[in-house]
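The structure appears below as structure tokens.
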Amino acid sequence: MGQATAHAQDRAREEYTFADVSVVMGTYDEEAAIGRVLADIEDVTDGRAEVVCVDGSTDRTPEIAHEHGARVIEQEPRGYGVALRAALSTPDRPVVITTDCDDTYPMDALPDFLGAINAGYDVVGGDRLSGGAAAMPALNRLGNRVFALLATALAGTRVRDATSGMRAYRREVVEDIDWTENTGLSAELLLRPSMRGYAVTERPIEYRERAGETTLDPVRGGAAIAGSICKVCLDERRR
Ligand SMILES: Nc1nc2c(ncn2[C@@H]2O[C@H](COP(=O)(O)OP(=O)(O)OP(=O)(O)O)[C@@H](O)[C@H]2O)c(=O)[nH]1
Ligand SMILES: [Mg+2]
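The working numbering numbers the first residue of the sequence shown as 9 and each following residue consecutively.
What follows is the structure in structure tokens.
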């Protein structure tokens, strides 16, 4: 951790506001949720955060995003990580915050995430599991707990929620690392920075029930995520 943490502390003197923040997400047939998610972001950030949606929808999701002033990038649906990678590479603001567009993540945690970046952290992960995640389907909860244990064992550092979709990053971290995973990108986005010594923290967040239908196949998705955690951790150990 040493060097990266020292750099993080140097940079901690810069105080970012929401005018320095981009909130980015993949959006895939989320018309039941997107209006609420984008309204919450507007409320919490006073309309100052930029919003980027990489969209593969066939429903009204992109129209609703436009109505809320989001920047919408059209992309064929090719999975979570392909969409989020495009979303992460779009902004030029110094702080990038990822979320899902299904109203599961609490946008009122945004000030706390920005505060942790201003305190010197490079990556701030939303930890859904420490608070119990009662609203999460039981199979997903079990899977996410197993992923956190697997990540902790392989990364050699305590990971509370390896697969959270809500995190804040200093943009340099996103730019400095080559990202390879698709379904497993959320785990990769936490594990590579953590294993390279960036200053990483996790904050407990509440997790709400999904609005709208899931497009995820839990078995195939779960296997892909477990594979990504193993691959990424071995890869980082070999560096
Ligand atoms: N553009 C685009 N967005 C996607 C794609 N797959 C998923 N997303 C979006 O990525 C985010 C995360 O996907 P989710 O389906 O919520 O995945 P999850 O949170 O693991 O699982 P559930 O919430 O239980 O469905 C959501 O905002 C989706 O709309 C895709 O192929 N293309
Ligand atoms: Mg989701």
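Note that CB positions come from ideal geometry on N, CA and C, so glycine has one too.
Counting C-beta atoms within 10 angstroms of its own C-beta, Pro-145 has fewer than 16 neighbours from the protein chains shown and is therefore classed as exposed. As for any alpha helix (DSSP H) of minimum length 4 sitting wholly inside the segment 95-142, the runs are 118-126, ordered along the chain. Contact between the segment 57-64 and the segment 143-162 is absent, with fewer than three C-beta pairs closer than 8 angstroms. Pairing Leu-46 with His-76 gives a Cβ-Cβ distance under 8 angstroms. Excluding the 5 residues flanking it on each side, Asp-67 has same chain C-beta neighbours closer than 6 angstroms at Asp-37, Glu-39, in chain order. Using a Cβ-Cβ distance cut-off of 8 angstroms, the segment 83-94 and the segment 154-168 are not in contact, since fewer than three pairs of beta carbons, one from each stretch, lie closer than that value.
DSSP places Val-181 inside the alpha helix (DSSP H), whose first and last residues are 179-184. In chain order, Val-131, Pro-201, Ser-202 place their CB closer than 6 angstroms to the CB of Val-208, counting only its own chain and leaving out the 5 sequence neighbours on each side. The alpha-carbon separation between Met-174 and Cys-241 amounts to approximately 21 angstroms. Selection Asp-225, Ala-234, Gly-230, Thr-188 evaluated against Val-90 yields Thr-188 as nearest (Cα-Cα). Check the Cα spacing between Ile-237 and each of Leu-162, Ser-97, Arg-178: the tightest is with Leu-162. For Pro-201, the enclosing alpha helix (DSSP H) begins and ends at 193-203. For Asp-108, the CB falls within less than 7 angstroms of some heavy atom of ligand 2. Excluding sequence positions up to five before and after Thr-98, its CB lies within less than 8 angstroms of the CB of Ser-30, Val-32, Val-60, Val-62, Arg-79, Ile-81, all in the same chain and listed in chain order. Contact between the segment 192-200 and the segment 115-124 is not established, with fewer than three Cβ pairs separated by less than 8 angstroms. Taking the Cα positions, Ala-95 is about 22 angstroms away from Ala-219. Ligand 1 has a heavy atom closer than 7 angstroms to the beta-carbon of Val-62.
Its chain contains Tyr-24, Asp-28, Val-29, Ser-30, Leu-122, Ile-125, Ala-176, Tyr-177, Arg-178, Arg-179 as the residues whose beta carbon lies nearer than 8 angstroms to that of Val-103, once the 5 sequence neighbours on both sides are disregarded; these appear in chain order.
With a 10 Å radius around the Cβ and a threshold of 16 neighbouring Cβ atoms, Ala-127 comes out exposed.
When DSSP reads this structure, Asp-63 sits in a beta bridge with Thr-35, Glu-82. Spatial neighbours of Val-167 in its own chain (CB-CB distance under 6 angstroms, excluding positions within 5 residues in sequence) are listed in chain order as Ala-156, Ala-159, Thr-160. Scanning its chain for C-beta atoms nearer than 6 angstroms, with the 5 sequence neighbours on each side dropped, one finds around Phe-26 the residues Thr-53, Arg-56, Ala-57, in chain order.
Annotation for Val-181: Asp-130, Val-131, Pro-201, Tyr-206 place their beta carbon closer than 7 angstroms to its own, counting only its chain and skipping 5 residues before and after.
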